[in-house]
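Undergrad: There's a structure below that I have some questions on.
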Amino acid sequence: MTVRYALFDTAVGRCGIAWGADGAVTAVRLPEESQEATAGYLGGGSEPSDPPAEVARVIAAIVDLVSGSNLDDDLAWVPLDMSGLTEFQRAVYDVARHIPPGATRTYGEIATQIGLPGSARAVGRALGENPYPPVVPCHRVTAANGLTGGFSAGGGVETKMRLLATEQAVLGLW
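Numbering of the sequence shown is given in the numbering used here, commencing with residue 641 and proceeding in unit increments.
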């Protein structure tokens, strides 16, 4: 499968997106320490390209979301190529995709929602491998103690907090 990618500017920095021939998104990357590093996360062998209209629409929606200009769009409509993922990852990402901007869920709540209570750590690992942030908004998933939990994208927890602040999310003890 031929995968193409494009880098684009957002309020949090230069992000990247990759897509296949069918237009489904194969990866999204928040800014890394360099453009080359961001592009490197989008999949080996992918080629830079101008995005087709459907991918340009996804890019515009990501730009709007991370700038806070459209907090009504949870990006759940974005077509994702999940062919290389496990069923567990797919289940976790499907639940996470429907967390609205400004809301948060805990790793344990997602574990319960997918029918596997007690698997909060596995949920955290799956979200740590999320190839689609913020389309799959792993930044909206927090630890049960009200703390942020981890964040594997560039900038780490600082980027997670910035995204949550943009969405006006409230963190705290439940």
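Yeah, the Cβ is synthetic: ideal placement off N, Cα and C, and Gly gets one too.
Because the structure is a prediction, the values reported are computed rather than measured.
#1: By DSSP, does Glu-687 sit in helix, in strand, or in coil?
#2: Give me the Cα-Cα distance between Arg-765 and Val-695, rounded to the nearest whole angstrom.
#3: Report buried or exposed for His-738, applying the criterion of at least 16 other Cβ atoms within 10 angstroms of its Cβ.
#4: State the DSSP-derived secondary structure class of Leu-813, mapped to helix, strand or coil.
#5: As a quick exercise: from Gln-753, His-779, Met-722 and Ala-731, pick the residue whose alpha carbon is nearest that of Thr-744.
#6: I want to see whether chain C comes within less than 8 Å of Arg-780, judged by CB atoms only; does it?
#7: Taking a contact to mean a Cβ-Cβ separation below 8 Å, would you say Glu-676 touches Gly-794 in this structure?
#8: Just tell me which of Asp-714, Ile-702 and Pro-771 has its CA closest to the CA of Thr-726.
#9: Would Thr-782 pass as a contact of Phe-791 if the rule is Cβ separation under 8 Å?
#10: By the DSSP assignment, the beta strand (DSSP E) with Leu-647 in it spans what residues?
#11: Which term fits Arg-761, buried or exposed, when burial requires 16 or more other beta carbons within 10 angstroms of its beta carbon?
TA: On the basis of the coordinates in this document:
#1: On the sequence shown, position 47 is the one that residue 687 refers to. Secondary structure of Glu-687 (DSSP, three-state): strand.
#2: By 1-based counting over the sequence shown, the position of residue 765 is 125. By 1-based counting over the sequence shown, the position of residue 695 is 55. Their backbone Cα atoms lie some 28 Å apart in a straight line.
#3: Counting from 1 along the sequence shown, the entry for residue 738 is found at position 98. With fewer than 16 Cβ atoms within 10 Å of its Cβ, His-738 is classed as exposed.
#4: Taking the sequence shown and counting its residues from 1, the one referred to as residue 813 is at position 173. Since pLDDT at Leu-813 reaches only 43, below the 50 mark, its modelled position is unreliable, and the value read off the structure follows with that caveat. Coil at Leu-813, not helix or strand.
#5: For the purposes of this step, residue 744 is taken as the residue at position 104 of the sequence shown. Among Gln-753, His-779, Met-722 and Ala-731, the Cα nearest to that of Thr-744 belongs to His-779.
#6: Of the chains in the structure shown, none is chain C; there is only one protein chain.
#7: As a working note, residue 676 is residue 36 in the sequence shown. As a working note, residue 794 is residue 154 in the sequence shown. No, Cβ-Cβ distance for Glu-676 and Gly-794 is not below 8 Å.
#8: Within the sequence shown, numbered from 1, the residue matching residue 726 stands at position 86. Ranking the options by Cα distance to Thr-726, first place goes to Pro-771.
#9: What you label residue 782 is simply residue 142 of the sequence shown in a count that begins at 1. What you label residue 791 is simply residue 151 of the sequence shown in a count that begins at 1. Not a contact, by the Cβ cut-off of 8 Å.
#10: Walking along the sequence shown from the start, residue 647 turns up at place 7. Leu-647: member of the beta strand (DSSP E) spanning 644 to 650, first to last residue.
#11: On the sequence shown, residue 761 is found 121 positions in, with the first residue counted as 1. Burial call: exposed.
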